[in-house]
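Chains as they are written, first to last, in the working numbering: chain Y, 10 to 318; chain R, 18 to 408.
Glycine included, every Cβ here is placed at the ideal spot set by N, Cα and C.
None of the values given here were measured: they were computed from a predicted structure.
To start, the structure under review is shown below, and the notes come after it.
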Amino acid sequence: MVDVAKPKRLTIKDLPIEELFTKGHTACAGCGGSMLARTAMKVFGKNTAVYSPACCLLVFGSTYPLSSWKVPYFHVAFENTAAVIAGMRAGFKAQGREGINVVGIAGDGGTADIGFQALSGAAERNDDTIYIMYDNEAYMNTGIQRSGSTPYGAWTTTTPVGTVRAGKREFKKDIPRLIADHEIPYLATASVGHPMDLLAKLEKAKNAKGFRYLQVFAPCPTGWKFDTALTVKMCKMAVDSGMWTLYEVENGVERVTYKPKQKIPVNDYIKPQGRFKHMTEDKIKELQAWVDKRWARYYGQEKSAATQQ
Amino acid sequence: MVFKVMTGDYAAALSAKVTRAQVIAAYPITPQTLIVEHISEFVDNGELDAEYIRAESEHSAMSMCMGSQVTGARSYTATSSQGLAYMHELLFIAAPLRLPIYMAVVNRTLAAPIAIWNEFNDTMPERDSGWIQSYAENNQEVLDMAIEGYKVAENDNVLLPMMTGLDAFILSHTVEPVDVPDQDIVDKFLPKFKAKFGKIDPDDPMMVGSFTPPEYIMEFRKQTDTAMENSKKVIREVTKDFAKTFGRNYQGLVEEYRLDDAEVALVTVGSVTSTSREVIDDYRKEGKKVGLLKLRYFRPFPVEEVRKVAEKVKAFGVIDKSVSFVSGGNIYQDMRAALYGYNVPIVDFMAGLGGRDIPTTDIKKMLDITMKAAKDPKSVKPINWIATRGC
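Dropping the structure here:
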């Protein structure tokens with residue numbers, strides 16, 4: 010088993026003022042993905058090399074000849090984030106360059122769907138790299154198409170509100186669970202609306218060795234159709250409803266890192282989002298049942314039963 | 018200097034070792050498997066000090082090579098057929114990003130029908146990827162082309178990736194004596210790679226592979242085109258140096274054989290060249306003025322060299338092991354393009370597809386047809402399927 014160093018818990022005051030993912034990028038207002046990039050770079054620092062596949066981050070952060078990155082930034086293709094960063098690590102190692110944070114930041118489509126083969130390979134080999142998925146729950150860069158990570162019922166441009174069927178028919182693919190089963194040294198779920206929790210996990214990922222996987226909930230006002238001022242609130246409601254859970258798996262030991270004080274109905278979470286506005290009562294019930302199962306899985310059965318509507 | 022008997026695959030594996038590849042990422046596919054097996058042995062026996070990533074696919078293997086090469090590490094991979102096709106997308110990215118990766122490709126049939134024997138239908142369609150493309154005639158050249166290849170690919174005026182084809186089974190699994198050069202001589206000929214331009218290094222941050230609008234793309238394309246053009250001169254110089262250093266003179270992008278007073282030239286690529294030399298010798302004994310032009314490089318296409326030969330011969334016969342349906346073989350097409358405006362007939366011979374043997378009798382037939390074309394071009398079909406039932 011690979012040892013994970015015990016980091017001190019970061020506070021906002023510990024963060025450097027210097028931005029390594031700078032302002033001036035072209036992300037939409039309220040973009041969760043850009044919040045992740047900025048926060049992650051504050052933790053990882055200058056001795057870092059970043060790769061991202063074809064995704065929003067590539068386009069809004071690095072359109073030639075401009076760049077928001079003050080660290081080296083590499084892009085090759087869409088489905089190979091985990092493989093390219095494996096190569097970057099090997100390249101540095103072969104040249105005797107230790108201690109560089111090799112980080113891949115990819116969207117949910119590039120991770121959960123087309124990039125899963127490379128991701129699984131990297132996890133199985135326990136490559137010494139950090140993989141961060143910013144989960145905005147659809148192919149946002151190409152115009153809001155459904156991905157494996159899109160939640161049940163959500164409207165996307167490929168799960169339209171049709172006259173016969175409306176919204177996504179499948180439930181969200183549980184990538185963190187699948188990757189945890191590869192028995193990697195460090196895995197965490199986080200959200201851009203829970204910055205202290207996110208910072209602690211980024212710091213742990215930075216200090217661990219071997220393959221590290223973070224899946225960060227990153228709301229997309231453009232694709233989810235909500236007010237751009239509500240990105241953080243969406244994160245909080247997602248976690249409080251049980252649609253998203255904050256936990257980590259450190260050397261096989263699973264730990265919930267934030268437990269909501271009170272469970273809110275899933276309807277409260279989906280209501281401000283245009284992507285769910287067509288949802289019928291039956292569909293909301295189905296989604297609530299899925300959430301309840303997850304709630305029980307992470308927080309225990311009795312809590313779930315106590316909050317049943 | 019020591020002669021060893023080895024397969025073409027062993028020679029390819031050995032080439033990664035003698036060129037001191039720093040990162041190797043590969044995925045097994047018949048008939049390339051011996052390469053990855055031998056490299057595994059070299060690395061795990063401590064004979065080769067390299068990072069070796071056992072990739073979970075060819076797509077990832079090439080992605081890894083791009084990741085390692087961009088940090089400045091000399092990177093190596095090997096594949097074949099379907100594996101190369103699976104890398105296709107990335108080949109077109111590696112070249113404009115100017116990553117001088119080297120790859121051995123065991124030339125195998127691209128399905129369907131699925132088969133594992135020799136054909137060039139895997140590499141030839143990648144001719145437009147921006148990779149330099151060379152083909153080995155024998156196992157010695159498999160080893161030598163990697164030494165030559167890195168030296169060409171890593172040249173400041175080139176910086177393009179390079180793939181070398183070796184014929185499935187005919188070379189990959191057949192043993193031949195190979196002169197293994199001393200390591201210190203190779204080290205002197207091929208010093209350590211130092212990335213000077215687009216690279217990923219936290220001490221010198223830059224962006225490589227960014228999203229690029231139309232205002233800039235044309236210039237990137239032209240630069241890749243210029244680099245490929247530059248590679249011709251570099252290949253000619255490197256083969257000269259190679260001859261001086263290792264005593265084997267490969268002449269440059271092409272090798273001429275008995276062409277000085279030849280009336281027809283047979284154009285070959287890969288192992289069929291050796292068989293063809295025998296036939297040329299036989300015909301010469303009979304007083305027939307035939308010669309051979311071996312293309313060592315297909316990209317860049319040796320236009321100048323081919324035109325020089327066109328000045329002296331009366332017809333070309335081309336052996337093609339890949340087909341662009343109805344349009345003939347890929348070598349034939351490039352010969353036609355190179356010789357536009359030259360009044361020399363070019364006859365295409367589709368042969369050896371799917372690994373079918375090309376015996377000396379077939380090569381004689383091709384030479385006979387080419388000699389006929391030299392006298393009366395209209396009497397000969399431009400594209401001829403050799404030893405094919407129903408043709």
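**OP:** Return yes when the Cβ of GLU280(R) is within less than 9 Å of the Cβ of ALA355(R), no when it is not.
**Re:** Inclusion of ALA355(R) and GLU280(R) in the CB contact set at 9 Å is not warranted, their separation being larger than that value.
Original post:
Of the residues that make up the region 66-81 of chain Y, which ones have a beta carbon closer than 8 Å to any beta carbon in chain R?
Top reply: For chain R, the residues of the region 66-81 of chain Y that bring a beta carbon within less than 8 Å of one of its beta carbons are LEU67, VAL68, SER71, THR72, TYR73, PRO74, SER76, TRP78, LYS79, VAL80, PRO81, in chain order.
**OP:** Hey, could you find the ends of the beta strand (DSSP E) ARG316(R) is sitting in?
**Re:** Taken as a continuous stretch (DSSP letters only), the beta strand (DSSP E) holding ARG316(R) covers 314-316.
Original post:
Tell me which same chain residues have a C-beta within less than 7 Å of the C-beta of LEU24(Y), skipping the five on either side of it?
Top reply: LYS51.
Original post:
For the candidate residues VAL340(R), ILE52(R), LYS216(R), whose alpha-carbon lies nearest to that of MET410(R)?
Top reply: Nothing can be reported for residue 410(R), as the shown portion of chain R is limited to 18 through 408.
Subject >> Contact set for LYS34(R): own chain, Cβ-Cβ below 6 Å, skip 5 residues either direction >> reply: Taken in chain order, the residues that qualify are PHE59, LEU65.
**OP:** Would you identify the three-state DSSP class for MET10(Y), choosing helix, strand or coil?
**Re:** Bear in mind that a pLDDT of 42 at MET10(Y), under 50, signals an unreliable position, so the number given afterwards is only what the model happens to contain. In the structure shown, MET10(Y) falls within a coil segment according to DSSP collapsed to helix, strand and coil.
Subject >> CA-to-CA distance, THR198(Y) to GLU295(Y), given in whole angstroms >> reply: Computed Cα separation, rounded: 24 Å.
Subject >> Exposure label - GLU321(Y); buried when at least 16 CB within 10 Å >> reply: Here chain Y covers residues 10 to 318 and nothing more, so residue 321(Y) does not appear.
Original post:
Is there a Cβ from chain R that is less than 9 Å from the Cβ of GLY100(Y)?
Top reply: Yes - at least one Cβ of chain R is within 9 Å of the one on GLY100(Y).
Subject >> Cβ of ASP136(Y) within 9 Å of any chain R Cβ >> reply: Judged by the 9 Å Cβ criterion, ASP136(Y) is in contact with chain R.
**OP:** With 7 Å as the limit, tell me which residues of the region 213-229 of chain R have their beta carbon closer than that to any beta carbon of chain Y; keep them in chain order.
**Re:** Under the 7 Å Cβ criterion, the region 213-229 of chain R contributes ILE217, ASP218, PRO219, PRO222, MET223, MET224, VAL225, GLY226, SER227, PHE228, THR229.
Original post:
Cβ of ARG316(R) within 9 Å of Cβ of TRP148(R)?
Top reply: Contact annotation: ARG316(R) and TRP148(R) have beta-carbon atoms nearer than 9 Å.
Original post:
In the DSSP assignment, what residue or residues form a beta bridge with MET142(Y)?
Top reply: For MET142(Y), which the question treats as bridged, DSSP gives the partners ALA115(Y), GLN224(Y).
Subject >> Own chain partners of ALA112(R) with C-beta closer than 7 Å, once the 5 adjacent residues on each side are dropped >> reply: Closer than 7 Å at the Cβ level, and outside the excluded window around ALA112(R), lie SER146, GLY147, TRP148, LEU177, PRO178, THR241.
Original post:
Do the region 357-368 of chain R and the region 386-403 of chain R meet, that is, are 3 or more Cβ pairs less than 8 Å apart?
Top reply: Touching, yes.
**OP:** Within the same chain, show all residues whose beta-carbon is closer than 7 Å to that of PHE366(R), passing over the 5 residues directly before and after it, in chain order.
**Re:** Its chain contains GLY334, VAL335, ILE336, ASP337, MET383, ASN401, ILE403 as the residues whose beta carbon lies nearer than 7 Å to that of PHE366(R), once the 5 sequence neighbours on both sides are disregarded; these appear in chain order.
Original post:
Do you know how far the Cα of ASN135(Y) is from the Cα of ARG106(Y)?
Top reply: Roughly 19 Å between the two C-alpha positions.
Subject >> Cα-Cα separation, ILE41(R) to VAL112(Y) >> reply: Take the alpha-carbon of ILE41(R) and the one of VAL112(Y): they are about 21 Å apart.
Original post:
Along the region 118-148 of chain R, what residues have a CB closer than 8 Å to any CB found in chain Y?
Top reply: Of all residues in the region 118-148 of chain R, none has a Cβ within less than 8 Å of some Cβ in chain Y.
**OP:** Please list, in chain order, all residues of the same chain as LYS292(Y) whose beta carbon is under 7 Å from its beta carbon, the five residues on each side excluded.
**Re:** These residues qualify, in order along the chain: GLY162.
Original post:
How long is the line joining the alpha carbons of LEU45(Y) and VAL169(R), rounded to whole angstroms?
Top reply: If I take the Cα positions, the gap works out to 42 Å.
Original post:
Of the residues ILE380(R), ARG373(R), THR243(R), which one's Cα is nearest the Cα of VAL284(R)?
Top reply: Closest option to VAL284(R), Cα to Cα, is ILE380(R).
Original post:
What's the gap between the Cα of ASN172(R) and the Cα of ARG115(R)?
Top reply: Straight-line Cα distance between these residues: approximately 11 Å.
Original post:
Quick one: which chain R residues come within Cβ less than 7 Å of LYS55(Y)?
Top reply: Those are PRO219, listed as they occur along chain R.
Original post:
What residue range is occupied by the uninterrupted beta strand (DSSP E) comprising SER248(R)?
Top reply: Where SER248(R) is concerned, there is no enclosing beta strand (DSSP E), although the alpha helix (DSSP H) it sits in stretches over 231-263.
Subject >> Per-residue burial, ILE56(R) [other beta carbons within 10 Å of its own, 16 or more giving buried] >> reply: By the neighbour-count criterion, in which 16 or more other beta carbons inside 10 Å mark a residue as buried, ILE56(R) falls on the buried side.
**OP:** Under 7 Å Cβ to Cβ from TYR82(Y), same chain only, skipping five residues before and after it: list those, please.
**Re:** If we look at TYR82(Y) and ignore the five residues flanking it on each side, its Cβ neighbours are VAL59, SER71, SER76.
**OP:** Just list the beta strand (DSSP E) runs in the region 178-214 of chain R, keeping only unbroken ones of 3 residues or longer that don't cross its boundaries, in chain order.
**Re:** For the beta strand (DSSP E) assignment, the uninterrupted runs of no fewer than 3 residues enclosed by the region 178-214 of chain R are, from N- to C-terminal side, 179-184, 193-197.
Original post:
Measuring CB to CB, does LEU19(Y) end up less than 9 Å from MET205(Y)?
Top reply: MET205(Y) sits close to LEU19(Y), with the two beta carbons spaced by under 9 Å.
Original post:
Which residues in the same chain as ILE386(R) place their Cβ atom closer than 8 Å to its Cβ, once the five residues preceding and following it in sequence are excluded?
Top reply: Scanning its chain for C-beta atoms nearer than 8 Å, with the 5 sequence neighbours on each side dropped, one finds around ILE386(R) the residues GLY334, VAL364, PHE366, VAL397, ASN401, in chain order.
Original post:
Which residues mark the beginning and the end of the alpha helix (DSSP H) in which ARG294(R) is found?
Top reply: It spans 289-302 - the alpha helix (DSSP H) in which ARG294(R) sits, taken as one unbroken run.
Subject >> Within 9 Å, strictly: CB atoms of THR256(R) and LYS205(R) >> reply: By the CB criterion at 9 Å, THR256(R) and LYS205(R) fall outside the cutoff.
Original post:
What do you get for GLN200(R), buried or exposed, if any count of 16 or more other CB atoms within 10 angstroms of its CB means buried?
Top reply: In the assembly as shown, GLN200(R) is an exposed residue. Its beta-carbon has fewer than 16 other beta-carbons within 10 Å.
Subject >> Cβ neighbour criterion (16 or more within 10 Å) applied to ALA30(R) >> reply: By the neighbour-count rule (16 or more Cβ atoms within 10 Å), ALA30(R) is buried.
Subject >> Rounded straight-line distance, which links the Cα of PHE180(Y) to that of ARG155(Y) >> reply: Within the model, the alpha-carbon separation for ARG155(Y) versus PHE180(Y) is close to 11 Å.
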